[in-house]
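Chemist:
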Amino acid sequence: MNVIDATHEGNKARFINHNCQPNCFAKTIISGGIKRIVIYALIDINRGSELTYDYSFPEEDIKIPCHCGTNKCRIYLN
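This note's numbering puts the sequence shown at residues 26 to 103.
#1: Would you call asparagine 44 buried or exposed, if buried means 16 or more other Cβ atoms sit within 10 Å of its Cβ?
#2: In chain order, which alpha helix (DSSP H) runs of at least 4 residues are fully inside the segment 43 to 85?
#3: Is the beta carbon of serine 81 closer than 9 Å to that of asparagine 48?
#4: Which same chain residues end up closer than 6 Å to lysine 88 when comparing Cβ atoms and leaving out the 5 residues on each side of it in sequence?
#5: What is the rounded straight-line gap between the Cα of cysteine 93 and the Cα of glycine 58?
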């Protein structure tokens with residue numbers, strides 16, 4: 026598994042946040058022989074709305090708390 030820390034630099038996707046009831050999903054594709062992550066909308070999204078997807082971290086020993094606040098919140102990201 027690769028992890029990219031976009032704290033200090035990265036593309037605009039670094040501003041897409043987690044939500045247990047997201048409006049987008051991420052999919053890995055190959056384009057021109059290069060692996061890319063593409064974000065697709067699950068619903069119509071109004072201009073200015075926050076983009077969110079489910080990070081769906083794998084099970085780990087340390088639980089990462091979720092603070093999305095939706096009625097479908099799983100309490101943890103993993």
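Glycine is no exception: its CB is placed at the ideal position from the N, C-alpha and C atoms.
Modeler: Reading from the atomic positions:
#1: Locating residue 44 in the sequence shown gives position 19, where the first residue counts as 1. It counts as buried.
#2: none
#3: Working through the sequence shown from its first residue, we reach residue 48 at position 23. Working through the sequence shown from its first residue, we reach residue 81 at position 56. No, Cβ-Cβ distance for asparagine 48 and serine 81 is not below 9 Å.
#4: Along the sequence shown, read from residue 1 onward, the residue named residue 88 stands at position 63. Result list for lysine 88: Tyr101, in chain order.
#5: Translated into the one-based positions of the sequence shown, residue 93 becomes position 68. Translated into the one-based positions of the sequence shown, residue 58 becomes position 33. Looking at the two C-alpha atoms, the distance is approximately 36 Å.
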